[in-house]
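Comments concern the structure below.
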Amino acid sequence: DYLRDDDVTQEARDLISSLPKEKGWLVSEMYQFQGRWHTQALLQGILNCQKQFEAKDSDIILVTNPKSGTTWLKALVFALLNRHKFSVSSSGDHPLLVTNPHLLVPFLEGVYYESPDFDFSELPSPRLMNTHISHFSLPESVKSSSCKIVYCCRNPKDMFVSLWHFGKKLAPEETADYPIEKAVEAFCEGKFIGGPFWDHVLEYWNASRENPKKVLFVTYEDLKKQTGVEIKRIAEFLECGFIEEEEVRGIVKLCSFESLSNLDVNKEGKLPNGMETKTFFRKGEIGGWKDTLSESLAEQIDRTMEDKFQGSGLKF
Ligand code: A3P
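Heads up, the sequence shown is in the UniProt record's numbering, so the first residue is 10 and it goes up one at a time.
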């Protein structure tokens, strides 16, 4: 589990001892590395990844902030890339019906933490992987190769609320008495595990504008409002050939919240690290923050967003 701090190498320990440290919302200790806050475990994973990962031109890397639609994006792109191998229209035998999306698409820094010797060259081509690593901290070969990045961003109020509820399930002891006002403050300041949200989004937003062939920027909201249109946009960006309307409809249906969240594997399954698969499916809505955030807390996030995204052209 990435919130625990065991199993880090001496080299990582030496680095960690020199980093700014804070007690954060969700975790008892977090460390600031290259502008972002991490647990020791994820930091170890990022360091291994930076050192060892060799990108290939054909690679596809899905990038998100946690709770921004990672699980959904993994399912959509997996189904899209494998549509000739696994038909999305014939019911019954698609891997997504029996396997949680996180097990079909490896999480780079997670794998590099849990299995540092994992051989990524064994993955079938094109290799599909995901990460939460910031654009700045990506392994050099990801930036210098022609591999493609699909970045999915979500409205910060919904992302915050999703993380708030996720945290309660994942780290009940750490979060039980943590006031939501303090969590919103930490979120706005960027001082939480995986934060800051703002810089992460802006870095990929700018990269997508500078190099639209390399980075595609999609939002959870667009995926929700027009899933089919976005699937075709992703398909075109990934240059993965003509896609039939029927295939698009099949992917939309197979990967929908209703479909995935009702499968046994996503209701009762566990990932190898012990996380219950059901924690990745909660409501799957746009604007669900209204149930959790007071007007003044929502305004606080909105004001921060306006300030941070000012002049970028990015809006929610
Ligand atoms: P909520 O907590 O708002 O419901 P991540 O996959 O990055 O961890 O993000 C989890 C969020 O995506 C959760 O949001 C979850 O319910 C939502 N989600 C998971 N699968 C989804 C799907 N197939 N369609 C839409 N939303 C989905």
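For every residue, glycine included, the Cβ atom is placed at its ideal position computed from N, Cα and C.
Would you check whether the ligand A3P has a heavy atom nearer than 7 Å to the C-beta of residue i?
i           : result
residue 345 : Residue 345 is absent from the structure shown; the chain starts at 10 and stops at 325.
K292        : yes
G297        : yes
A180        : no
D231        : no
A185        : no
A307        : no
S67         : no
C162        : no
K317        : no
A84         : yes
Q165        : One detail in the question is off: residue 165 reads as Pro in this sequence, not Gln. False, no ligand heavy atom lies under 7 Å from that Cβ.
W46         : no
W81         : yes
G78         : yes
S265        : yes
H174        : yes
T18         : no
S171        : yes
P221        : no
L106        : no
P75         : yes
Pick helix, strand or coil for residue i, following the three-state DSSP scheme.
i         : result
H209      : helix
T301      : coil
T73       : strand
V274      : helix
L105      : helix
Q41       : strand
residue 1 : Nothing in the structure corresponds to residue 1, since the chain is present only between 10 and 325.
E31       : strand
K166      : helix
F290      : coil
K317      : helix
F196      : helix
F201      : strand
T184      : helix
V86       : helix
T18       : coil
F145      : coil
Does residue i pass the burial test, meaning 16 or more other C-beta atoms within 10 Å, or should it be called exposed?
i    : result
E182 : exposed
H144 : buried
S153 : exposed
N220 : exposed
S134 : exposed
G296 : exposed
P205 : buried
K157 : buried
Name the DSSP bridge partner or partners of residue i?
i         : result
residue 8 : Any question about residue 8 goes unanswered here, given that the chain covers just 10 to 325.
V159      : L71, L225
H47       : Y40
K279      : E285
F116      : N139
Tell me whether residue i, by its Cβ, gets closer than 7 Å to a heavy atom of the ligand ADP.
i    : result
F116 : The model on display carries the ligand A3P but not the ligand ADP.
> Which whole runs of the beta strand (DSSP E) in the stretch 219 to 252 are 3 residues long or more, in chain order?
Replying inline: 224 to 228
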